[in-house]
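The block underneath contains the structure these notes are about, expressed in structure tokens.
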């Protein structure tokens, strides 16, 4: 009889630069990904955490916490034979406890939420390549760049505002899609498939969607 190949699901939460990993617990994850300006979203429920850990996460991930540091969450899924694959990376936007008798914690997360508060001001050259502008924007968003669009010159690029809004407005330069997928800024020609598109496997409580 073949050995059962059990599923694995791991959630890692970054608080003050330290990753806390949670695996082998009762964890439910659901999420949605898009290939446009809509932020990727994820909802995570973790049960039976130690009280100190639960209270710590509720305090540190609260949107009312004046300690404005990044609270990043990473979701990985897979099987024992093949290991884990990252399926989501984003910033925690809310944390709420479940109702008794369950002892759970519900986390809401979105991709790029943290950089909304990062203000940037950019003024380009009279003529500058789209790929060069995209690299500047990816640096402002603190992500790497995956440039697949047809390169061309852009005249007098200028922007002032939040770093995430700059990503969204990049698409308005004409006939391109620009969006953040986990920790990557994707810039591609409109209505063209993503050449390096990642393939997601089906996993219970995880749903991915492209539009």
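Residue numbers (my numbering): 3 to 213. For glycine and all other residues, C-beta sits at the position ideal for the given N, C-alpha and C.
Determine the direct distance from the alpha carbon of residue j to that of residue i, and round the result to whole angstroms.
| i | j | result |
| --- | --- | --- |
| residue 182 | residue 111 | 14 Å |
| residue 1 | residue 59 | Since the first residue shown for the chain is 3 and the last is 213, residue 1 is missing from the structure and cannot be characterised. |
| residue 75 | residue 5 | 32 Å |
| residue 103 | residue 61 | 21 Å |
| residue 69 | residue 192 | 39 Å |
| residue 150 | residue 194 | 10 Å |
| residue 162 | residue 148 | 23 Å |
| residue 152 | residue 190 | 8 Å |
| residue 34 | residue 184 | 12 Å |
| residue 98 | residue 172 | 34 Å |
| residue 100 | residue 137 | 42 Å |
| residue 143 | residue 167 | 10 Å |
| residue 198 | residue 17 | 30 Å |
| residue 177 | residue 141 | 22 Å |
| residue 84 | residue 67 | 39 Å |
| residue 40 | residue 124 | 23 Å |
My guess is that residue i and residue j are in contact by the Cβ rule of under 8 Å, so how many angstroms apart are they, rounded?
| i | j | result |
| --- | --- | --- |
| residue 130 | residue 155 | 7 Å |
| residue 106 | residue 47 | 6 Å |
| residue 135 | residue 169 | Not quite, the Cβ-Cβ distance comes to about 11 Å (not below 8 Å), so this is no contact. |
| residue 32 | residue 45 | 5 Å |
| residue 186 | residue 196 | With a Cβ gap of about 10 Å, residue 186 and residue 196 do not count as contacting. |
Would you say residue i and residue j are within 8 Å of each other, going by their C-beta atoms?
| i | j | result |
| --- | --- | --- |
| residue 179 | residue 52 | no |
| residue 54 | residue 72 | no |
| residue 42 | residue 90 | yes |
| residue 27 | residue 50 | yes |
Classify residue i: buried if its beta carbon has 16 or more other beta carbons within 10 angstroms, exposed otherwise.
| i | result |
| --- | --- |
| residue 121 | exposed |
| residue 21 | exposed |
| residue 79 | buried |
| residue 160 | exposed |
| residue 203 | With a pLDDT of 46 at residue 203, under the threshold of 50, the modelled position of that residue is not reliable, and the figure given next carries that caveat. The residue is exposed, with fewer than 16 neighbouring Cβ atoms inside 10 Å. |
| residue 3 | Annotation note: pLDDT 47 at residue 3 (below 50); position unreliable, no value reported. |
Between which residues of its own chain and residue i is the CB-CB distance below 7 Å, once the five residues before and five after are set aside?
| i | result |
| --- | --- |
| residue 175 | 132, 156 |
| residue 128 | 157, 158 |
| residue 86 | 10, 12, 78, 79, 80 |
| residue 19 | none |
Leaving out five residues on either side along the sequence, give the residues of the same chain with a beta carbon under 8 Å from the beta carbon of residue i.
| i | result |
| --- | --- |
| residue 25 | 10, 11, 12, 13 |
| residue 164 | 117, 118, 119, 120, 121, 122 |
| residue 95 | 65, 110, 111, 112, 115 |
| residue 8 | 81, 82 |
Please work out which residues of its chain come closer than 6 Å, Cβ to Cβ, to residue i, disregarding the five sequence neighbours upstream and downstream, and give them in chain order.
| i | result |
| --- | --- |
| residue 15 | 22, 75 |
| residue 146 | 186 |
| residue 77 | 13, 31, 89, 90 |
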